[in-house]
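Q: Numbering (the working numbering), first residue to last: 18 to 97.
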């Protein structure tokens, strides 16, 4: 079945070719904007994943010790 009608893609391309370079850039910017609205959000990598290839191995004991050093002298109760 052959159709004399243009496909949507062909119509867009034909119209795009008739635009100025600045207008073409505006069309591209708009298409990228539309795609970004429908793109799935990227997962935020964990800190452990960020340093995985650096050979850093931080244990629960290391974290506990760092917290103690940082917060050890912090007053437990604050008088107002």
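Beta carbons are placed, not taken as given, at the ideal position from N, Cα and C, and that holds for glycine.
(1) CA-CA distance, residue 81 and residue 91?
(2) May I ask which residues mark the beginning and end of the alpha helix (DSSP H) holding residue 53?
(3) Check residue 95 in the structure and name its three-state DSSP category.
A: In this structure, then:
(1) 15 Å
(2) 38-55
(3) coil
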